[in-house]
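A.B. asks: Sharing a structure, written as structure tokens. Questions coming.
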Amino acid sequence: MATDSVLRIATRSSRLALWQAEHVRSCLSLRHSDLKLELVPITTSGDKISDRPLTTIGGKGLFIKELEQALYEGRADLAVHSMKDVPVEIPKDFNIGAILKRADPRDAVVTNTGVPFSELNLTATIGTSSLRRKSQLLAMQKHLVISDLRGNVTTRLRKLRDGEFDAIILAAAGLQRLGFSDLISTLFDPEQIIPAIGQGAIGIECRVDDFRTQALIQPLHDRTSGFCVAAERAMSAILEGGCDIPVAGYAIVTQAGEMRLTGMIASLDGSRVVRDEITGAPENGNELGRQLGENLLAAGAAAILSDLRSGP
2 MATDSVLRIA TRSSRLALWQ AEHVRSCLSL RHSDLKLELV PITTSGDKIS DRPLTTIGGK
62 GLFIKELEQA LYEGRADLAV HSMKDVPVEI PKDFNIGAIL KRADPRDAVV TNTGVPFSEL
122 NLTATIGTSS LRRKSQLLAM QKHLVISDLR GNVTTRLRKL RDGEFDAIIL AAAGLQRLGF
182 SDLISTLFDP EQIIPAIGQG AIGIECRVDD FRTQALIQPL HDRTSGFCVA AERAMSAILE
242 GGCDIPVAGY AIVTQAGEMR LTGMIASLDG SRVVRDEITG APENGNELGR QLGENLLAAG
302 AAAILSDLRS GP
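The C-terminal residue of the sequence shown carries number 313 in this note's numbering, and the numbering is unbroken.
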């Protein structure tokens, strides 16, 4: 357990995860200069197993399980996550105590020749590990060849340079945080490719009974980002979304102060896409998310889910 002057921050050991943890540490340091803030890097199961799709090895919870164990055992006081990697259901002993102001939520294209996505060959080979991206890309262009791509950001970029793919799709925020913005050839508008649940947002998880840590991280919470991510996660929960289901959701708060939440579910080959949106007060984000999830189910998502569960 931490002393009154030490706060331990659990993080994955990848370059991007360490950047995010350092960012959280910097934000905390500005507000609590008396604290000693220590990083606790952990190589998770999801990082160790990079040669198989996540859908076959337990899903995206593999990226946070060991971090939560560190919290449970008192080896860390908080854990820093990419919210898109956090399952919609987390153990009852923990909660997401703060969500930082959301960065760019869009999906980015990096091509091996630098050309924009629109100029790629119609049968180009695209690397992505996301069923959400795959289904939406195939809905746009059914002749694309989509190949699985795992590994951290630098590993994925290396595979592109080595000629394994004509292009790869990554979260824009990750590329921008690591200084790779100049490699981006295309940024998909969220209306074109709906982002992953929570994409671009950093979340801080802690124990529900650790009131000291919750008080320390609360000033880092961005209220608008919190409402939006909560709405997306509530929708995903209704659709039982995970890395094995092509689900997407993106919420914004307009200049008029209204939340607009867009959701989508698709078949794996992109031949069937069910999409809808809902608007309402941001503070009602959870309710809006649940309602949109139910609307999608009634509009055809239930049939898609049934087919996905029954297999080929």
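Here a beta-carbon is modelled for each residue, glycine too, at the ideal position from N, C-alpha and C.
Locate the alpha helix (DSSP H) running through N296, then write down its first and last residues.
C.D. replies: 286-297 is the span of the alpha helix (DSSP H), which, as asked, contains N296.
A.B. asks: In this structure, does DSSP put G175 in helix, strand or coil?
C.D. replies: G175: helix per DSSP, three-state reduction.
A.B. asks: Excluding the 5 residues flanking K93 on each side, which residues of the same chain have their C-beta closer than 8 Å to its C-beta?
C.D. replies: The answer, listed in chain order, is V209.
A.B. asks: I believe A22 touches I10 by the beta-carbon criterion, under 8 Å. Please report the beta-carbon distance rounded to the nearest angstrom.
C.D. replies: Correct: roughly 5 Å between the Cβ atoms.
A.B. asks: Could you spell out the range, first to last residue, of the alpha helix (DSSP H) harbouring H24?
C.D. replies: Its alpha helix (DSSP H) spans residues 16-32.
A.B. asks: What number of angstroms, rounded off, separates the C-alpha of A300 from the C-alpha of Q177?
C.D. replies: Rounded to whole angstroms, A300 to Q177 spans 36 Å at the Cα level.
A.B. asks: In angstroms with no decimal places, state the Cα-to-Cα distance between Q256 and N296.
C.D. replies: Looking at the two C-alpha atoms, the distance is approximately 25 Å.
A.B. asks: Along the chain, where does the beta strand (DSSP E) containing K102 start, and where does it finish?
C.D. replies: That residue, K102, is in no beta strand (DSSP E); it is neither H nor E in DSSP.
A.B. asks: What number of angstroms, rounded off, separates the C-alpha of G128 from the C-alpha of A168?
C.D. replies: Straight-line Cα distance between these residues: approximately 6 Å.
A.B. asks: Does the region 135-144 touch the region 212-229, meaning 3 or more C-beta pairs lie closer than 8 Å?
C.D. replies: No, they do not touch.
A.B. asks: The alpha helix (DSSP H) with V209 in it runs from where to where?
C.D. replies: Premise fails: V209 is in no alpha helix (DSSP H) and is neither H nor E.
A.B. asks: So for F166, helix, strand or coil by DSSP?
C.D. replies: Note: F166 maps to coil in three-state DSSP.
A.B. asks: Could you check the C-alpha separation between N285 and D308 for me, to the nearest Å?
C.D. replies: Taking the straight line from one Cα to the other gives about 32 Å.
A.B. asks: What span of residues does the alpha helix (DSSP H) with A232 cover, start to end?
C.D. replies: Element bounds for A232: 224-239.
A.B. asks: Just mark E120 as buried or exposed, buried being the case when its beta carbon has 16 or more other beta carbons within 10 Å.
C.D. replies: It is exposed - the Cβ of E120 has fewer than 16 other Cβ atoms within 10 Å.
A.B. asks: So which of S14, L8, T263 has the shortest CA-CA distance to S34?
C.D. replies: Considering only alpha carbons, the answer is L8.
A.B. asks: Starting from the N-terminal side, write out each stretch of the beta strand (DSSP E) that is 3 residues or longer and does not extend beyond the region 238-272.
C.D. replies: Complete beta strand (DSSP E) runs here, min 3: 248-254, 260-267.
A.B. asks: Using only the alpha-carbon positions, how far apart do A303 and L29 sit?
C.D. replies: Near 43 Å, if we compare the C-alpha coordinates of L29 and A303.
A.B. asks: Give every residue of the same chain whose Cβ lies closer than 8 Å to the Cβ of L269, excluding the five residues on either side of it in the sequence, and list them in chain order.
C.D. replies: Closer than 8 Å at the Cβ level, and outside the excluded window around L269, lie L132, K135, S136, P247, L309.
A.B. asks: Less than 6 Å between C-beta atoms, sequence neighbours within five positions excluded: which residues of the same chain meet that for T112?
C.D. replies: Answer for T112: A168, S186, listed in chain order.
A.B. asks: Which same chain residues, not among the five before or five after R157, have their C-beta less than 6 Å away from its C-beta?
C.D. replies: L150, I169.
A.B. asks: Is G250 close to the ligand ZN? I mean its beta-carbon at under 7 Å from any heavy atom of the ligand.
C.D. replies: Because no ligand of any kind appears in the structure shown, any question about the ligand ZN cannot be addressed here.
A.B. asks: Report, in whole angstroms, the separation of the C-beta atoms of C229 and I253, which I expect to be a contact under 8 Å.
C.D. replies: Right, the Cβ-Cβ distance comes to about 7 Å (below 8 Å), so this counts as a contact.
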